[in-house]
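Protein chains in written order, with the working numbering: chain F, 1 to 210; chain H, 1 to 210.
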DNA sequence: CTGTGATTCAATCATTTGATGGATATGAAA
DNA sequence: TTTCATATCCATCAAATGATTGAATCACAG
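In structure tokens:
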């Protein structure tokens, strides 16, 4: 049986998919409470009731969005993992940062939504991010910091979180930070990669040598 | 002339101050749109109209909160700067991380609010964080990465942002991350410090040696 | 005690917002 | 053509929410 989300992903031109795309972007910019169903409907160019017809309600739509971005991110991480397989650690980090950063700059709503879920509370909260720890564990393994996905040491988990978050920060805070350093977009993206490598590569390669 | 905010800070028992305290906490947890004036009033134990009497309106109160936390953070940064003055870089980092982390874990709403302002949009946005770039420049100077507060290189600014953000991340994401690594609060705080030092000290000391 | 300004609250308003019901259109199947 | 499921919109509702008004209460100087 196909869920509404699978149906939407199958045909990107369908109304379901168009709504989902706009919802991703707007929920990412304004968060759950900062977004109104009317804002999304207007962005799609439809009536609110059409939105409700396809996705049930605001909360249902939001949860679909979260599942959707998690799916996309997981897909990308698998891709990155393949690209770096077998390389030495410093190169793995270098390439991972390049690929992930490029991808997220093209889909900033992913970083936006993830940070919103980390740092903000929703007045009625269910937890639909049980997949995130799995991401972190996957990354830990693919970076050679853990043997298997189960039983990743807390220290390792924290290091992986630090790397993931620092990337999301620069993507999601682009508006704020770019204005702060007063550079154009292309330059900002280059600066982000440079800074991430400056910060993270010494830490992990040093501990590797020990 | 004294602003309402100065008046509130003078007498911590005053109604103005009590409202401001609760507002800090709740705006920090739920963000601007996720917070209702009724939530704040209930937390203080007063009527909504009393809140309006003292602070004008939701937006005014929110802006006062932002100014207030920026003031607190600035104060703390000056304090930290004094404590590390003259020490070698790796020790400056070590101590800065300890002091700042301890302080922010005691006042998590500071990290919460700052991240909300970085990553989220408010439907009607004015920018009242013109002070943040100044923080970054201050830190850059006090870490010996820049000569004067004016003309801090973009590369340097980005590095400082990376450090600041990584701290805020672990404070503000405590609920999420602590659950992820499955440890108690004290252990989590220790892990945060350890991880921050692991990540940042090699980067800056290595480039220092070059 | 009295008067006066400051403070607080109950009641209420206007707007926003999530949601629904019913009418209409479209197109495929019978 | 008729029938029926799908899809869309218009009108509207009920609750939530930011804000205001006016009366009651308090603090305290005179």
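We treat Cβ as the ideally placed atom computed from N, Cα and C, and that holds for glycine.
Tell me the rounded alpha-carbon separation between residue i and residue j.
i	j	result
residue 184 of chain H	residue 16 of chain F	43 Å
residue 179 of chain F	residue 112 of chain H	21 Å
residue 57 of chain H	residue 82 of chain H	38 Å
residue 149 of chain F	residue 65 of chain H	43 Å
residue 136 of chain H	residue 13 of chain F	45 Å
residue 1 of chain H	residue 87 of chain H	Its pLDDT being 37, under 50, residue 1 of chain H is placed unreliably in this model, and the value from its coordinates should be taken loosely. Approximately 40 Å between the Cα atoms of the pair.
residue 193 of chain H	residue 155 of chain F	11 Å
residue 201 of chain F	residue 114 of chain H	27 Å
residue 44 of chain F	residue 44 of chain H	41 Å
residue 157 of chain F	residue 107 of chain H	24 Å
residue 26 of chain H	residue 61 of chain H	12 Å
residue 69 of chain F	residue 134 of chain H	35 Å
residue 24 of chain H	residue 145 of chain H	32 Å
residue 63 of chain F	residue 67 of chain H	34 Å
residue 129 of chain H	residue 59 of chain F	31 Å
residue 77 of chain H	residue 138 of chain H	9 Å
residue 116 of chain F	residue 177 of chain H	14 Å
residue 186 of chain F	residue 186 of chain H	42 Å
residue 89 of chain F	residue 147 of chain H	35 Å
residue 91 of chain F	residue 91 of chain H	29 Å
Can the beta-carbon of residue i be found closer than 7 Å to that of residue j?
i	j	result
residue 97 of chain H	residue 182 of chain H	no
residue 119 of chain F	residue 175 of chain H	no
residue 162 of chain H	residue 152 of chain H	no
residue 169 of chain H	residue 127 of chain F	no
residue 159 of chain F	residue 195 of chain H	yes
residue 84 of chain H	residue 95 of chain H	yes
residue 19 of chain F	residue 52 of chain F	no
residue 22 of chain F	residue 40 of chain F	yes
residue 80 of chain F	residue 93 of chain F	no
residue 199 of chain F	residue 203 of chain H	yes
residue 121 of chain H	residue 42 of chain F	no
Can you pull the chain F neighbours of residue i, defined as C-beta to C-beta under 7 Å?
i	result
residue 107 of chain H	Simply none; closest approach about 15 Å.
residue 118 of chain H	173, 176
When we look at the beta-carbon of residue i and count the other beta-carbons within 10 Å, is it buried (16 or more) or exposed?
i	result
residue 190 of chain F	exposed
residue 49 of chain F	exposed
residue 188 of chain H	buried
residue 124 of chain F	exposed
residue 11 of chain H	exposed
residue 142 of chain F	buried
residue 132 of chain H	buried
residue 167 of chain F	buried
At 7 Å on the CB atoms, spell out the chain H contacts of residue i, in chain order.
i	result
residue 70 of chain F	Near residue 70 of chain F there are no residues of chain H at all, since even the closest Cβ is about 14 Å away, more than 7 Å.
residue 206 of chain F	202
residue 191 of chain F	154, 155, 158
Given that residue i touches chain F, what residues does it touch there, using C-beta distances under 9 Å?
i	result
residue 195 of chain H	155, 158, 159, 161, 162
residue 183 of chain H	154
Can you pull the chain H neighbours of residue i, defined as C-beta to C-beta under 9 Å?
i	result
residue 57 of chain F	Going along chain H, no residue has its Cβ under 9 Å from residue 57 of chain F, so there is no contact; the nearest lies around 18 Å.
residue 151 of chain F	In chain order: nothing, as chain H lies at least about 11 Å away.
residue 27 of chain F	In chain order: nothing, as chain H lies at least about 11 Å away.
residue 166 of chain F	162, 165, 166, 169, 199
Taking Cβ-Cβ distances shorter than 8 Å, what residues in chain F pair up with residue i?
i	result
residue 123 of chain H	30, 34
residue 180 of chain H	132, 133, 136, 157, 161
residue 115 of chain H	115, 119
### Query
With contact counted as at least three CB pairs below 8 Å, one residue from each stretch, are the stretch 94–109 of chain F and the stretch 65–76 of chain F in contact?
Verdict: yes, contact present.
### Message
I want to know whether the stretch 24–38 of chain H touches the stretch 14–34 of chain F - three or more CB-CB distances under 8 Å.
### Response
Contact between the stretch 24–38 of chain H and the stretch 14–34 of chain F is present, because at least three Cβ pairs lie under 8 Å.
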